[in-house]
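Top line first, the protein sequences correspond to chains A and B. Under the numbering used here, the first sequence has 576 at position 115, and the numbering climbs by one with no breaks. Under the numbering used here, the second sequence has 4 at position 2, and the numbering climbs by one with no breaks. Ideal Cβ positions, reconstructed from N, Cα and C, are used throughout, including at glycine. Take a look at the structure set out below.
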Amino acid sequence: MPEFAVLHEKPHSFYSLYERKGELQHQTHYCPGCGHGIVHKLVARAIDELGIQNRAILVSPVGCSVFAYYYFDVGNVQVAHGRAPAVATGVKRAHPESIVISYQGDGDLAAIGSAEILHAANRGENITVFFVNNAIYGMTGGQMAPTTLVGQKSTTSPFGRNVWNEGSPIKVCELLNALDAPVYLERVALGSNKQIMAAARAVRRALEVQMRGQGFSLIEVLSPCPTIWKKDPVEAQHWVAEELVKTFPLGVVRDRTKDAPVRPASAAPPALDKIPGILGLEQDDPGPTVGGPAAREPVELAVKVAGFGGQGVLLLGEVLAEAGLASGLQVSWLPSYGPEMRSGTSNCHVRIATRPIASPLVLRPNVLLAMNEPSLRKFLPTVEPHGLVIYNGAACPADCLRPDVTLIAAPFAQLADGLGGARAANIAMLGALLEAAPVPFESQVPNVLRKLVRSPKWLEIDLAALARGRQAARQEVAS
Amino acid sequence: MKTGDRGRVDLDSEECKGCGLCVEACPPKVLALASHLNRYGYHPATYSGEGCTGCGICYFACPEPGAIVVWRLKAEARPVAQAA
Numbered sequence: 462m463p464e465f466a467v468l469h470e471k472p473h474s475f476y477s478l479y480e481r482k483g484e485l486q487h488q489t490h491y492c493p494g495c496g497h498g499i500v501h502k503l504v505a506r507a508i509d510e511l512g513i514q515n516r517a518i519l520v521s522p523v524g525c526s527v528f529a530y531y532y533f534d535v536g537n538v539q540v541a542h543g544r545a546p547a548v549a550t551g552v553k554r555a556h557p558e559s560i561v562i563s564y565q566g567d568g569d570l571a572a573i574g575s576a577e578i579l580h581a582a583n584r585g586e587n588i589t590v591f592f593v594n595n596a597i598y599g600m601t602g603g604q605m606a607p608t609t610l611v612g613q614k615s616t617t618s619p620f621g622r623n624v625w626n627e628g629s630p631i632k633v634c635e636l637l638n639a640l641d642a643p644v645y646l647e648r649v650a651l652g653s654n655k656q657i658m659a660a661a662r663a664v665r666r667a668l669e670v671q672m673r674g675q676g677f678s679l680i681e682v683l684s685p686c687p688t689i690w691k692k693d694p695v696e697a698q699h700w701v702a703e704e705l706v707k708t709f710p711l712g713v714v715r716d717r718t719k720d721a722p723v724r725p726a727s728a729a730p731p732a733l734d735k736i737p738g739i740l741g742l743e744q745d746d747p748g749p750t751v752g753g754p755a756a757r758e759p760v761e762l763a764v765k766v767a768g769f770g771g772q773g774v775l776l777l778g779e780v781l782a783e784a785g786l787a788s789g790l791q792v793s794w795l796p797s798y799g800p801e802m803r804s805g806t807s808n809c810h811v812r813i814a815t816r817p818i819a820s821p822l823v824l825r826p827n828v829l830l831a832m833n834e835p836s837l838r839k840f841l842p843t844v845e846p847h848g849l850v851i852y853n854g855a856a857c858p859a860d861c862l863r864p865d866v867t868l869i870a871a872p873f874a875q876l877a878d879g880l881g882g883a884r885a886a887n888i889a890m891l892g893a894l895l896e897a898a899p900v901p902f903e904s905q906v907p908n909v910l911r912k913l914v915r916s917p918k919w920l921e922i923d924l925a926a927l928a929r930g931r932q933a934a935r936q937e938v939a940s
Numbered sequence: 003m004k005t006g007d008r009g010r011v012d013l014d015s016e017e018c019k020g021c022g023l024c025v026e027a028c029p030p031k032v033l034a035l036a037s038h039l040n041r042y043g044y045h046p047a048t049y050s051g052e053g054c055t056g057c058g059i060c061y062f063a064c065p066e067p068g069a070i071v072v073w074r075l076k077a078e079a080r081p082v083a084q085a086a
């Protein structure tokens, strides 16, 4: 019995299963006959053959190939539309030992990302770009691309592309060939067996340019899109070989692989602990203080206020932040609410600190003010250990307890209602906060309320609610 | 399998989307789309069972990364050429 050995099989640089969905984990999401699958295979094979799987980083685009990271078992980044060469630049400069691949379609690269590719090529970044050109926008349903052929019909050129109206197809390789820096530019196609094998060689050569450290290379692959072209896969393949190549001639456009020098290594980045010094932000610099004494107890409040829209969530945060500001602290206030203007959920992030605030986001609050049960359930797990949680309800639900945080539960809405308006529940909760976690700016709170609450009636209710909230917190802590 | 074939091809009919590019690409024309449908409603490519030369062209023409495995007769079993 003759013995056989595997000659070609699925490259190792692909995952064995694609965990994009619960089903169909062995198939790509591409249409039958799509060129992306072939280009993926050529790239993965080249990665296997060159032994660079462990240092390859693929930057995938927006477009049909947006999901490339589900297929390639390499480092992956998926980036905003057209920005792959810019992100690839950053990745390569930060990790010069890695092999960085920018994978883009023609809408991504030649339209929205035209600036990024031009400048990355002009800088001669040591990256490899695989540019899959099918002369159309595929994912969005067949709009005209910069590469659409003259006379080709698309949903946005229904009478055929007219040079006087839409301009001529952009020949990316030739355009980049006007620049000094690129090392290797070649246009290949998937229109026949011979063309596919030539494409495989070009893909590998382009990666070798990067491995040698020579600089920028781009392989443009003319690729079929049977679905949008409304052709069967075999017809579409023929159309690549017969029509696309007339506008986009195949071949090497630039080849300096023999004489291009190795790019000098960029200067080593500064050590992480040197960066604050470079930026003038020394570790123990308290930052500028306004109006307050320079030496003060450090304050580091990270507050999340959450509830239904209309409960006064944002106002509560604003009063806190204004009070901190009035006493010379660094503050930030960041509202976050859904598209619903009323009802729906709402929360805000407040930071009050003696030191400058790096980000206004509060993902790990040390104070949570939960104005309803869903907010308590959602954010309680995010509270820092030893944090403070104040909940608007007679008692916390039994399954919402955490032994490592201080929990204060009181029916603040009912308490405020007893004072003349349930809407003052937010200020009652603020009172509870000032009682439970004495903060250096508490004396400013009544002044801020006088500034922000215009109605004398509500100001009176709010001031009463503030006191009532403090009292409720005292009782709760004492019990 | 006919004795004397230099190659063999395994087609995963459940991964195949029936595009027919391998059928078109195959030089000895030993692949065809089946008359039956697979689970996803495509006519999968099938191997007639003999005549494969192990050239591997179908592998490169196929857009699915793992649908085709191409085997070739081991070097020592071949009358000419040394194992690499």
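Can you pull the chain B neighbours of V695/A, defined as C-beta to C-beta under 7 Å?
Neighbours of V695/A on chain B, chain order: G22, L23 and E26.
Does any residue of chain A bring its CB to less than 9 Å from the CB of A83/B?
Unreliable positioning characterises A83/B in this predicted model, as indicated by a pLDDT of 47, which lies under 50. A coordinate reading is not provided.
I want to know whether the stretch 709-729 of chain A touches the stretch 784-799 of chain A - three or more CB-CB distances under 8 Å.
The answer is no - the stretch 784-799 of chain A does not touch the stretch 709-729 of chain A, with fewer than three Cβ pairs under 8 Å.
Would T616/A pass as a contact of R673/A if the rule is Cβ separation under 9 Å?
With contacts defined as CB atoms closer than 9 Å, T616/A and R673/A fail to qualify as a contacting pair.
Residue range of the beta strand (DSSP E) that D509/A falls in?
Element bounds for D509/A: not the beta strand (DSSP E) but the alpha helix (DSSP H), G496 to L511.
What residues are listed by DSSP as bridge partners for F465/A?
Per the DSSP secondary-structure output, F465/A pairs in a beta bridge with L75/B.
Quick one, are the C-beta atoms of P630/A and T601/A less than 9 Å apart?
The answer is no: Cβ separation not under 9 Å.
For A34/B, would you say it is in contact with chain A, using Cβ-to-Cβ distances shorter than 9 Å as the test?
Chain A, which has no Cβ nearer than 9 Å to the Cβ of A34/B, makes this no.
Taking 9 Å as the cut-off, decide whether the C-beta atoms of Q565/A and S526/A are in contact.
In this structure, Q565/A sits near S526/A, with a CB-CB distance shorter than 9 Å.
Can you tell me the Cα-Cα spacing of C861/A and E834/A, whole angstroms?
When rounded, the distance between both Cα atoms is 9 Å.
Among the residues of its own chain, which have a CB less than 8 Å from the CB of R481/A, if the five just before and after it don't count?
For R481/A, where only same-chain residues beyond five positions count, the Cβ hits under 8 Å are H490, F528 and Y531.
Does chain B have any CB closer than 9 Å to the CB of R496/A?
Checking the sequence shown, residue 496/A turns out to be Gly, not Arg. Judged by the 9 Å Cβ criterion, G496/A is in contact with chain B.
When K553/A, A702/A, V535/A and A572/A are compared against G543/A, the one with the closest alpha-carbon:
Of the listed residues, the one whose Cα sits closest to G543/A is A572/A.
Smallest Cα separation from Q772/A: which of F592/A, N808/A, V760/A and W794/A?
Residue nearest to Q772/A within the set F592/A, N808/A, V760/A and W794/A is N808/A (criterion: CA-CA distance).
Taking a cut of 8 Å between CB atoms, which residues from the stretch 36-61 of chain B lie near chain A?
Per Cβ criterion, the list reads Y42, Y44, G56, G58, I59 and Y61.
Between the CA atoms of I739/A and A661/A - distance to the nearest angstrom:
Roughly 46 Å separates the two Cα atoms.
Across which residues does DSSP place Y645/A in a beta bridge pair?
As a beta-bridge residue in DSSP terms, Y645/A pairs with S678/A and D716/A.
Check whether N595/A and V633/A have beta carbons under 9 Å apart
Contact flag unset, no.
For L570/A and V682/A, the rounded distance between their alpha carbons:
Between V682/A and L570/A, the C-alpha separation is close to 13 Å.
Between S65/B and chain A, is any beta-carbon pair separated by less than 9 Å?
Reading off the sequence, residue 65/B comes out as Pro, not Ser. Interface residue (Cβ-Cβ distance to chain A less than 9 Å): P65/B is classified as such.
Residue range of the unbroken beta strand (DSSP E) whose run includes A34/B
A34/B -> beta strand (DSSP E) spans L33 to L35.
Within its chain, find whatever has a CB closer than 7 Å to the CB of A885/A; leave out the 5 residues flanking it on each side and keep chain order.
Only A877, I922, D923 and A926 meet the Cβ criterion.
Taking the alpha carbon of L485/A as the point to measure from, which residue in A34/B, G53/B and E16/B has its own alpha carbon closest?
Ranking A34/B, G53/B and E16/B by Cα distance to L485/A puts E16/B first.
So that I know if they touch, is there some Cβ in chain A lying closer than 9 Å to that of K31/B?
Chain A contact via Cβ: absent.
Per-residue contacts from L75/B into chain A (C-beta, under 9 Å):
Within chain A, the residues near L75/B are P463, E464, F465 and A466.
Could you give the DSSP three-state label for S477/A: helix, strand or coil?
DSSP places S477/A in coil when its eight states are reduced to three.
Would you decide whether W73/B is buried or exposed? Buried here means 16 or more other CB atoms lie within 10 Å of its CB.
Residue burial is scored here from C-beta neighbours: W73/B has at least 16 other C-beta atoms within 10 angstroms and is therefore classed as buried.
Would you kindly work out how many angstroms separate the C-alpha atoms of D7/B and C21/B, rounded to a whole number?
For D7/B and C21/B, the gap between their C-alpha atoms comes out near 26 Å.
How far does the beta strand (DSSP E) with K691/A in it extend, from its first residue to its last?
Per DSSP, K691/A lies in no beta strand (DSSP E) and is assigned neither H nor E.
So, with DSSP's three-state summary, where would you put A791/A?
The sequence given here places Gln at residue 791/A; Ala does not occur at that position. The three-state secondary structure of Q791/A, taken from DSSP, is strand.
C-alpha gap between F709/A and Q604/A, whole angstroms:
Taking the straight line from one Cα to the other gives about 19 Å.
Going along chain B in order, which residues have a C-beta closer than 7 Å to the C-beta of I657/A?
Neighbours of I657/A in chain B, taken as residues at a C-beta separation under 7 Å, are given in chain order as F62 and A63.
First and last residue of the uninterrupted alpha helix (DSSP H) at Q656/A:
DSSP places Q656/A in the uninterrupted alpha helix (DSSP H) bounded by N654 to M672.
Taking 9 Å as the CB-CB limit, is C525/A close to chain B?
Closer than 9 Å to the CB of C525/A there is not a single CB belonging to chain B.
My output table needs one value for G568/A: the three-state DSSP class, helix, strand or coil.
Residue state, collapsed to three classes: helix.
So F620/A and V504/A are in contact, right, with Cβ under 8 Å, and what is the actual spacing, rounded?
With a Cβ gap of about 37 Å, F620/A and V504/A do not count as contacting.
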